[in-house]
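Trainee:
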Amino acid sequence: METRTLTAHVPVPLADKIDGMAQRLERSKNWIVKQALQDWVLQEEERYRMTLEALDDVDNGRLIDHDAVTAWADSLSTDKPLPVPVYED
Numbered sequence: 001m002e003t004r005t006l007t008a009h010v011p012v013p014l015a016d017k018i019d020g021m022a023q024r025l026e027r028s029k030n031w032i033v034k035q036a037l038q039d040w041v042l043q044e045e046e047r048y049r050m051t052l053e054a055l056d057d058v059d060n061g062r063l064i065d066h067d068a069v070t071a072w073a074d075s076l077s078t079d080k081p082l083p084v085p086v087y088e089d
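Those letters in the sequence shown? Residues 1 to 89, per this note's numbering, in order.
(1) Does the segment 7-22 come within contact of the segment 32-52, defined as at least 3 CB pairs closer than 8 Å?
(2) Within the segment 39-89, note down every full beta strand (DSSP E) run reaching 3 residues or more, in order along the chain.
(3) Considering just the uninterrupted stretch of the alpha helix (DSSP H) at Pro13, what are its terminal residues?
(4) Flag this pair as yes or no: are the beta carbons of Trp72 and Val58 separated by less than 8 Å?
(5) Once DSSP output is grouped into helix, strand and coil, what is the label at Leu6?
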């Protein structure tokens, strides 16, 4: 695979953590940063996909009642949390 070099300035504490991880894992700092960046990009792509899906739900009226969501959220700190509310046609 063709590659390209990217340069970034990172805070010293973060660079120190990367140094330590590379040493513990017996991997290069390059490998650590590449893995982290790949994971972040995948996470952001999934977040974007899910946002578009949610906007489509809103555009098509597939909504959950605010009171139902509030009741569910309030119940999470109780001994008997409510089930997650779902859209019902």
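Where is the CB? At the ideal position from N, CA and C, for every residue including glycine.
These numbers come from a predicted model, not from an experiment.
Mentor: Put simply:
(1) Of all C-beta pairs linking the segment 7-22 to the segment 32-52, three or more are shorter than 8 Å, placing the two stretches in contact.
(2) For the segment 39-89, not a single whole beta strand (DSSP E) run of length 3 or above is found.
(3) Within the sequence shown, residue 13 is the residue found at index 13, counting from 1. Residues Val12 to Leu25.
(4) Along the sequence shown, one-based indexing puts residue 72 at 72. Along the sequence shown, one-based indexing puts residue 58 at 58. Not a contact, by the Cβ cut-off of 8 Å.
(5) Taking the sequence shown and counting its residues from 1, the one referred to as residue 6 is at position 6. DSSP places Leu6 in coil when its eight states are reduced to three.
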